[in-house]
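Trainee: Residue numbers (the working numbering), protein chains in the order written: chain A, 1 to 355; chain B, 1001 to 1348.
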Amino acid sequence: MPEQIETPSVAAAGSTRERVSGLLRWETALVVGLVAVVIFGSSISPEFFGSYNVFTLCTNIGDLAIMALPMTLIILTGEIDLSVASILAISAETMGVLIQHGWSMGPIFVVVIAIGIVCGLINGLLVTRVGLPSLAVTIGTLTLFRGLANVILGPNTVSSFPAPYNELGVNGFFGISWLSWSVAIFLVLAVITAGVLRMTPFGRSLYAIGLNQEAAFHAGIRVKRIKLGLYVLSGVVCALVGMLYAFELSSAGENIGIGFELQVITIVLLGGVSIFGGRGTILGVTLAAFIYAGLRSALLLGTSINENDYQVVSGALLILSVLVPNAATLARRANDLFKLRAQRQAGALRADSGG
Amino acid sequence: MTTAVQEQKQPVDEAADQRRVVDIVLRARTFGIVGVLALFVLITTVIQSRFLDGSNIRFVLAESAVYVVVAIGETCVILTRNVDLSVGSVVGLSAYLSANLFQAHHGIAIPLVFLVGIGIGTACGLVTGIITALCRVPSLVVTLAMLYIVRGVDTMLAGSNEVVASSLPNSFINIFNNTVLGVPDLAIAAIVMVALAAYYLRYFRSGRDLYAIGSDPEAAERAGIPIARRLLTAFVLSGALAGLGGVIWATQYNTINSTAATGLELQIVAAVVVGGVAIFGGSGSVIGAALGALLLQTITSALNVLGVASLWTEAIAGLLLIVAITLDRGIQLRLATALQRRKVRLGA
Chain A
1 MPEQIETPSV AAAGSTRERV SGLLRWETAL VVGLVAVVIF GSSISPEFFG SYNVFTLCTN
61 IGDLAIMALP MTLIILTGEI DLSVASILAI SAETMGVLIQ HGWSMGPIFV VVIAIGIVCG
121 LINGLLVTRV GLPSLAVTIG TLTLFRGLAN VILGPNTVSS FPAPYNELGV NGFFGISWLS
181 WSVAIFLVLA VITAGVLRMT PFGRSLYAIG LNQEAAFHAG IRVKRIKLGL YVLSGVVCAL
241 VGMLYAFELS SAGENIGIGF ELQVITIVLL GGVSIFGGRG TILGVTLAAF IYAGLRSALL
301 LGTSINENDY QVVSGALLIL SVLVPNAATL ARRANDLFKL RAQRQAGALR ADSGG
Chain B
1001 MTTAVQEQKQ PVDEAADQRR VVDIVLRART FGIVGVLALF VLITTVIQSR FLDGSNIRFV
1061 LAESAVYVVV AIGETCVILT RNVDLSVGSV VGLSAYLSAN LFQAHHGIAI PLVFLVGIGI
1121 GTACGLVTGI ITALCRVPSL VVTLAMLYIV RGVDTMLAGS NEVVASSLPN SFINIFNNTV
1181 LGVPDLAIAA IVMVALAAYY LRYFRSGRDL YAIGSDPEAA ERAGIPIARR LLTAFVLSGA
1241 LAGLGGVIWA TQYNTINSTA ATGLELQIVA AVVVGGVAIF GGSGSVIGAA LGALLLQTIT
1301 SALNVLGVAS LWTEAIAGLL LIVAITLDRG IQLRLATALQ RRKVRLGA
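(1) For A/Pro46, does the three-state DSSP call read helix, strand or coil?
(2) When the Cα atoms are used, what is the spatial distance from A/Gly355 to B/Val1090?
(3) Do you know how far the Cα of B/Asp1328 is from the Cα of B/Ile1322?
(4) Output the boundary residues of the alpha helix (DSSP H) element that contains A/Arg222.
(5) Residues in its own chain within less than 6 Å of A/Ala342 by CB, not counting five upstream and five downstream?
(6) By DSSP's criteria, A/Gly253 is part of a beta bridge. Which residues make up the other side?
(7) Can you find a C-beta in chain A that's less than 8 Å from the C-beta of B/Leu1319?
(8) Going by beta-carbon coordinates alone, are B/Trp1249 and B/Ala1038 separated by less than 8 Å?
(9) For B/Val1183, which residues does DSSP report across the bridge?
(10) How would you list, in chain order, the residues of chain B whose beta-carbon sits under 9 Å from the beta-carbon of A/Asn316?
(11) List the residues of chain B whose Cβ lies closer than 8 Å to the Cβ of A/Asn166, in chain order.
(12) Any beta-carbon of chain A closer than 8 Å to the one on B/Phe1235?
(13) Take the Cβ of B/Phe1051 as the centre, count every other Cβ of all protein chains shown within 10 Å, and call the residue buried at 16 or more, exposed below.
(14) Does A/Ala107 have its Cβ less than 8 Å from a Cβ in chain B?
(15) Is the beta carbon of B/Met1146 less than 8 Å from the beta carbon of B/Val1127?
(16) DSSP has B/Val1163 in a bridge; who is on the other side?
(17) Using only CA atoms, which one of A/Leu320, A/Ser83 and A/Ile256 lies nearest to A/Leu144?
(18) Could you confirm whether any beta carbon from chain A is found closer than 8 Å to the beta carbon of B/Thr1155?
(19) Determine the chain A residues that contact B/Leu1266 at a beta-carbon separation under 8 Å, and present them in chain order.
(20) For the region 1061–1081 of chain B and the region 1169–1185 of chain B, state whether three or more C-beta atom pairs, one from each stretch, are separated by less than 8 Å.
(21) Is it true that the CB of B/Val1277 sits closer than 8 Å to the CB of B/Thr1075?
(22) Where B/Lys1343 and A/Leu283 are concerned, what is the direct C-alpha to C-alpha distance, given to the nearest angstrom?
(23) State yes or no: is the C-beta of B/Ala1212 within less than 8 Å of the C-beta of B/Tyr1067?
(24) Return the residues of the region 1324–1345 of chain B that lie within a Cβ-Cβ distance of less than 8 Å from chain A, sorted by chain order.
(25) Can you check whether the C-beta of B/Pro1169 is within less than 8 Å of a C-beta belonging to chain A?
(26) Is there a C-beta anywhere in chain B that falls below 8 Å from the one on A/Asn335?
(27) Inspect the CB distances between the region 256–269 of chain A and the region 75–89 of chain A and report whether three or more fall short of 8 Å.
(28) Does the CB of B/Trp1249 have a neighbour CB from chain A at under 8 Å?
(29) Can you grab the Cα-Cα spacing for the pair B/Leu1026 / B/Gly1284, in whole Å?
(30) List the whole-angstrom C-beta distance separating B/Leu1266 from B/Ala1317, where the pair is believed to meet the contact cut-off of C-beta under 8 Å.
(31) Is it buried or exposed for B/Gln1006, if we count other Cβ within 10 angstroms and need 16 for buried?
(32) Going along the chain, which residues of its own chain have a beta-carbon closer than 6 Å to the beta-carbon of A/Ser251, five neighbours each way excluded?
(33) Would A/Arg146 count as contacting chain B if we go by Cβ distances under 8 Å?
(34) Counting only C-beta atoms, is B/Asn1269 closer than 8 Å to chain A at any point?
(35) Determine contact between the region 56–71 of chain A and the region 212–220 of chain A, defined as no fewer than three beta-carbon pairs at a distance below 8 Å.
(36) Please list, in chain order, the residues of the region 1112–1142 of chain B that have any C-beta partner in chain A closer than 9 Å.
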């Protein structure tokens, strides 16, 4: 009680600050960004809101957005997984080979999940049990898995898939013509992930690990086991997305999903997840995914920018999303530097006049 | 007086002793790569004697030059506990633009083409360096973004255009084939550059600083090392060497489109790490990195000679990288315990 009486002004100041920082939250900026993209898109082309365009936009973003969910969890713990696109490739190309050999979908499904688990275990065990930096490990497995995928399928392309699956990229989710299966799946998974992250001890422990791994360990959080679990989760999710993506494309071949890791990481960091771990929300990542897809769709529709040029935009977005949160710190440092210089000059002047 | 001197001398001796142990281990690491390389050559030659043909050796040496040159720059960056993933795209951009010069300006001087290539690389390195070093943004993210931005620029400029061998002067194409006393010119140039870089990293203050920054960035800052300037130098160096690598790439492949050198960055990082440069920074040498590049190139060539599909190359590079970092981690742990034990023994 006495404490409350003593510190009303501090509490008030705190809440004001909280309210201001609430307005300045990254997610708020993302909502504004999304609105801007939508206005930009609809002004640039009347087709932007057309059912066909929204469907294409959805198929483009759904797979990336699904992969962004486990990536968010991994980056929250302060690690990274660069091998996601290669796991997608190894699963899609294995599926292609098995379909060529006349396997039915049931066993293929099991094999794909097994591939995801094995790939995730390789990443996770090397990071947690051997204690290697996740950056180096996943650069290695990025190359290794992509290489194995190329060996499995060779230079061939498989493009005949069994009946209900080959229409995933053409038909909407349960007859909704503008909603793709991938985005529907993503939205369901995003709600589940957000709930787990916000409301369960497991979810909170991911933030704890990202903020201070040592402290989290001493607080009884099983850091290594959780990280291993996340890598396996990421492996399984990416392997399943590999199937989905191949069905949507109606083809599985060399270079499938190449460079997806950049797009997935761009979406996650644009969503306000800190690359150093411990900060970020699923809401932010979801908004970022739609900004990313909307901007791309608008630029492709209304300007001469093509698919290849968009990777420049994509890279610029990635750099911006790590630069902007740093801007405040940078400005402060620059300010300190100027002050220091001014002080030094003043000191030098004083010394001159003294001598 | 004497006791004071002895007390002073003791820790110095201990430090020197530790340094010696570390030195021996690091040297053993380099000899390890040479050993693996020799073993590989031996096995391949036993199966297929054609592998040790003069022409094949010359080809492998000349082919390694690009990788060695780019690996030198990458080493400088990785030593500082950073990474440069953009080198593959920089090599590609420089290769296309420099080779395209011959089409645009007939009879342009070859040294000028090399300068343009290096200039393009330097510009890319400068952008990466400014964002990473001055804005203190993680290099992984910045260089990953640059990897795609530079490739995107390359695609925009090149479109579906392709530089073909017939538009290149013979004197340019011959750079790859020329030899002095049977050793390819490019290999000699690469060896000279490795020697220069090794000398720089060992004896120049700014070179030593790269190790200091990688070992402990905080301590380096407190010791007054201008970290931002050194990081900028490392990234510019990496960019410039990648630009040079691009021109060499053009002499080697002659037909250049916008996809040239895609994925090269992974092989370069693999070569550097296999060569014993710690991915955590602060330890390693350009000589090791060059040997790592040579090893990867030899393996690729051996697979070709043995008739194994070149599809395996990528998988093997990835596998080698993982094996190398796992082994290094083991060595590092052993070394730490050994030094600890030694310290205890000397103390008692």
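Cβ atoms here follow ideal geometry from the backbone N, Cα and C, with glycine treated the same way.
Mentor: In terms of the structure at hand:
(1) For this step, residue 46 of chain A is matched to residue 46 along the first sequence. Per DSSP, reduced to three states, the secondary structure at A/Pro46 is helical.
(2) Against the first sequence, residue 355 of chain A aligns to sequence position 355. Against the second sequence, residue 1090 of chain B aligns to sequence position 90. Unreliable placement is indicated for A/Gly355, whose pLDDT of 43 sits below 50; the coordinate value is still reported in the next sentence. One C-alpha to the other measures close to 55 Å.
(3) In the second sequence, counting from the first residue as 1, residue 1322 of chain B sits at position 322. In the second sequence, counting from the first residue as 1, residue 1328 of chain B sits at position 328. Taken atom to atom, the span from the alpha-carbon of B/Ile1322 to that of B/Asp1328 is near 10 Å.
(4) Numbered from its first residue, the first sequence carries residue 222 of chain A at position 222. Bounds of any alpha helix (DSSP H) do not take in A/Arg222, whose DSSP letter is neither H nor E.
(5) Position 342 of the first sequence holds residue 342 of chain A. When the five nearest sequence neighbours on each side are left out, no beta carbon in the same chain lies closer than 6 Å to the beta carbon of A/Ala342.
(6) Within the first sequence, the letter at position 253 stands for residue 253 of chain A. Paired residues: A/Thr157.
(7) Start at 1 with the first residue of the second sequence, and residue 1319 of chain B comes out as number 319. True, the Cβ-Cβ gap to chain A drops below 8 Å.
(8) Position 249 of the second sequence, counted from the start, is the residue given in the question as residue 1249 of chain B. Position 38 of the second sequence, counted from the start, is the residue given in the question as residue 1038 of chain B. Contact annotation: B/Trp1249 and B/Ala1038 have beta-carbon atoms that are not nearer than 8 Å.
(9) Taking the first residue of the second sequence as position 1, residue 1183 of chain B is located at position 183. B/Val1183 is bridged by DSSP to B/Val1180.
(10) Here residue 316 of chain A refers to the residue found at position 316 of the first sequence. Note that residue 316 of chain A is Ala in the sequence shown, not Asn. One finds Ala1145 and Ile1149 in chain B with Cβ atoms closer than 9 Å to the Cβ of A/Ala316, taken in chain order.
(11) Residue mapping note: residue 166 of chain A aligns to position 166 of the first sequence, counting from 1. Within chain B, no residue has its beta carbon less than 8 Å from that of A/Asn166; the closest one is some 27 Å off.
(12) Here residue 1235 of chain B refers to the residue found at position 235 of the second sequence. B/Phe1235 does not count as touching chain A.
(13) Position 51 of the second sequence holds residue 1051 of chain B. Answer is buried; the Cβ neighbour count reaches 16.
(14) Here the question's residue 107 of chain A lines up with position 107 in the first sequence. The sequence given here has Pro at residue 107 of chain A, not Ala. No - not a single Cβ of chain B is within 8 Å of the one on A/Pro107.
(15) In the second sequence, residue 1146 of chain B corresponds to position 146, counting from 1. In the second sequence, residue 1127 of chain B corresponds to position 127, counting from 1. In this structure, B/Val1127 lies closer than 8 Å to B/Met1146 by Cβ.
(16) The residue you call residue 1163 of chain B lines up with position 163 of the second sequence. Looking at the DSSP assignment, B/Val1163 forms a beta bridge with B/Ile1256.
(17) The count along the first sequence starts at 1 and reaches residue 144 of chain A at position 144. Per the Cα distances, A/Ser83.
(18) Within the second sequence, the letter at position 155 stands for residue 1155 of chain B. Judged by the 8 Å Cβ criterion, B/Thr1155 is in contact with chain A.
(19) Position 266 of the second sequence, counted from the start, is the residue given in the question as residue 1266 of chain B. Counting only Cβ-Cβ distances below 8 Å, B/Leu1266 has contacts in chain A at Ile139, Leu142 and Thr143, in chain order.
(20) Yes, since at least three Cβ pairs between the region 1061–1081 of chain B and the region 1169–1185 of chain B fall closer than 8 Å, the two stretches touch.
(21) Taking the second sequence and counting its residues from 1, the one referred to as residue 1075 of chain B is at position 75. Taking the second sequence and counting its residues from 1, the one referred to as residue 1277 of chain B is at position 277. Yes, the pair counts as a contact, with Cβ atoms nearer than the cut-off.
(22) Residue mapping note: residue 1343 of chain B aligns to position 343 of the second sequence, counting from 1. Residue mapping note: residue 283 of chain A aligns to position 283 of the first sequence, counting from 1. Across the structure, B/Lys1343 and A/Leu283 are spaced so that their CA atoms are roughly 53 Å apart.
(23) In the second sequence, residue 1212 of chain B corresponds to position 212, counting from 1. In the second sequence, residue 1067 of chain B corresponds to position 67, counting from 1. B/Tyr1067 sits away from B/Ala1212, with the two beta carbons spaced by 8 Å or more.
(24) Flagged, chain order: Ile1325, Thr1326 and Arg1329.
(25) Within the second sequence, the letter at position 169 stands for residue 1169 of chain B. Not one chain A Cβ lies under 8 Å of B/Pro1169.
(26) To locate residue 335 of chain A, count along the first sequence from 1; it is residue 335. Not one chain B Cβ lies under 8 Å of A/Asn335.
(27) The region 256–269 of chain A is in contact with the region 75–89 of chain A.
(28) Taking the first residue of the second sequence as 1, we reach residue 1249 of chain B at position 249. Chain A contact via Cβ: absent.
(29) Taking the second sequence and counting its residues from 1, the one referred to as residue 1026 of chain B is at position 26. Taking the second sequence and counting its residues from 1, the one referred to as residue 1284 of chain B is at position 284. Straight across, the Cα-Cα distance linking B/Leu1026 with B/Gly1284 is about 8 Å.
(30) The residue given as residue 1266 of chain B occupies position 266 in the second sequence. The residue given as residue 1317 of chain B occupies position 317 in the second sequence. Right, the Cβ-Cβ distance comes to about 7 Å (below 8 Å), so this counts as a contact.
(31) Translated into the one-based positions of the second sequence, residue 1006 of chain B becomes position 6. In this prediction, B/Gln1006 scores a pLDDT of 48, lower than 50, which makes its location untrustworthy; the coordinate-derived value is nonetheless stated afterwards. Exposed, since its Cβ has fewer than 16 Cβ neighbours within 10 Å.
(32) Taking the first residue of the first sequence as position 1, residue 251 of chain A is located at position 251. By the criterion of a C-beta distance shorter than 6 Å, A/Ser251 is surrounded in its chain by Thr157 and Ser159, once the five residues flanking it on both sides are discounted.
(33) Against the first sequence, residue 146 of chain A aligns to sequence position 146. For A/Arg146, the answer is yes, since a Cβ of chain B falls inside 8 Å of its Cβ.
(34) As a first step, residue 1269 of chain B must be located in the second sequence, where it is residue number 269. Sequence inspection shows Val at residue 1269 of chain B; the Asn mentioned does not correspond to that position. Yes, contact with chain A.
(35) No, the region 56–71 of chain A is not in contact with the region 212–220 of chain A.
(36) Taking 9 Å as the Cβ-Cβ cut-off against chain A, the residues of the region 1112–1142 of chain B that qualify are Ile1131, Leu1134, Cys1135, Arg1136, Val1137, Pro1138, Leu1140, Val1141 and Val1142.
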